[in-house]
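Q: Mapping to my numbering: the sequence shown position 21 is 148, numbers consecutive.
We put the beta carbon where it would ideally sit given N, CA and C, even for glycine.
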Amino acid sequence: MPPTRDQAWETLTRYTKSESLLRHALAVEASTRWYARRFGEDEELWGVTALLHDFDYEIHPTLDKHPQDGAPILREEGYPEEVIEAILSHAEHLGLPRDTQLKRTLFACDELSGFVHACGLVRPAGLDGLEPKSVKKKLKQPSFAAGVHRDEVYAGAELLGLELDQHIRNVIAALQPIAPELGLRTAADAPA
Ligand SMILES: [Fe+2]
Ligand SMILES: [Fe+2]
128 MPPTRDQAWE TLTRYTKSES LLRHALAVEA STRWYARRFG EDEELWGVTA
178 LLHDFDYEIH PTLDKHPQDG APILREEGYP EEVIEAILSH AEHLGLPRDT
228 QLKRTLFACD ELSGFVHACG LVRPAGLDGL EPKSVKKKLK QPSFAAGVHR
278 DEVYAGAELL GLELDQHIRN VIAALQPIAP ELGLRTAADA PA
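Right, dumping it as structure tokens:
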């Protein structure tokens, strides 16, 4: 039986209590699902992978444990190897090949979803009207969302064979429908 979103959400929330980490999982899920639709791939499986990619971060907050020590837990819970391998491959320090479209997409969506989310949080209208140009400008400001690895954002777009502008546009479009879950305002909330 392929894993369902409900099952992944249950696993995720058993190990993850932090709101910001849950929002990160939701943002990466939305972006990865967006690309699954675009590529005609298995949206549910890709979504499950994205939801779970940092599921062990709260219990394994260091790189000598995350995400590698999470893998046996997922195996125990019956997740397929395809999901587990893709999760392992999102970590730069493990140096695993990104040899499937799911692996490339997860990697490409991880840092950029976080960054676009951060851009939306500082705008009165959230993601509405946000242009790639202003996202790229913020990428060049090291102090803004300093935890986001810029080199991984650029490498991700390249891995998908997309112009950075297009990838940013896609991620914005993917996150807009879940803006309330991400704690983002929308144009409807902004003062006229
Ligand atoms: Fe991670
Ligand atoms: Fe992540």
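#1: By how many angstroms is the C-alpha of S261 removed from the C-alpha of G310?
#2: On the three-state DSSP scale, how would you describe E308?
#3: Spatial neighbours of L266 within its chain, please: CB distance less than 6 Å, with the 5 preceding and 5 following residues excluded, ordered by chain position.
#4: Quick one: Cα of E164 to Cα of E258, how far?
#5: With a threshold of 16 other CB atoms inside 10 Å of the CB of T131, please say whether the residue is buried or exposed.
#6: Here's a check: name, in chain order, each residue in its chain whose Cβ is nearer than 8 Å to the Cβ of E294, leaving out the five neighbours to either side.
#7: Round the Cβ separation of T140 and E185 to the nearest angstrom and send it over; I've been treating them as touching at under 8 Å.
#8: Between L179 and Q195, is the Cβ-Cβ spacing less than 8 Å?
#9: Would you kindly check if the distance between the Cβ of V155 and the Cβ of V90 is under 8 Å?
#10: Would you mind giving the Cβ-Cβ distance between D181 and H220, rounded to the nearest angstrom? I have them listed as a contact below 8 Å.
#11: With 16 other CB atoms within 10 Å as the buried threshold, where does L254 fall?
#12: Report all residues from its chain with a CB closer than 8 Å to the CB of A252; omit the five preceding and five following residues, and keep chain order.
#13: Reducing DSSP to helix, strand and coil, say where E219 ends up.
#14: Counting only runs of 4+ residues fully inside the segment 156 to 240, write out the alpha helix (DSSP H) ranges in chain order.
#15: With a threshold of 8 Å on Cβ separation, who are the neighbours of H217 within its own chain once the five nearest residues in sequence on each side are excluded?
A: Reading from the atomic positions:
#1: Approximately 20 Å, taken between the alpha carbons.
#2: Per DSSP, reduced to three states, the secondary structure at E308 is coil, with no helix or strand assignment.
#3: Counting only Cβ-Cβ distances below 6 Å, and skipping sequence neighbours, we find R277.
#4: Correcting the residue type first, residue 164 is Arg in the shown sequence and not Glu. Each residue's CA atom was taken as its position, placing R164 and E258 some 22 Å apart.
#5: It is exposed - the Cβ of T131 has fewer than 16 other Cβ atoms within 10 Å.
#6: It is worth fixing the name first, because residue 294 is His in this sequence and not Glu. Same-chain partners within the cutoff: A235, L239, G283, A284, L287.
#7: The Cβ separation is near 11 Å, so there is no contact.
#8: The Cβ atoms of L179 and Q195 lie no closer than 8 Å to each other.
#9: Not covered by the structure: residue 90. The range shown for the chain is 128 to 319.
#10: With a Cβ gap of about 14 Å, D181 and H220 do not count as contacting.
#11: Around the beta carbon of L254, 16 or more other beta carbons sit within 10 angstroms, so the residue counts as buried.
#12: Same-chain partners within the cutoff: R312, T313, A314, D316, A317.
#13: In this structure, DSSP gives E219 a helical state, which the three-state scheme calls helix.
#14: Along the length of the segment 156 to 240, whole alpha helix (DSSP H) runs at least 4 residues long occupy 170 to 179, 198 to 203, 208 to 216, reported in chain order.
#15: Residues of the same chain with a CB within less than 8 Å of the CB of H217, apart from the 5 flanking positions on each side, are H180, P194, K230, L233, F234, D237 in chain order.
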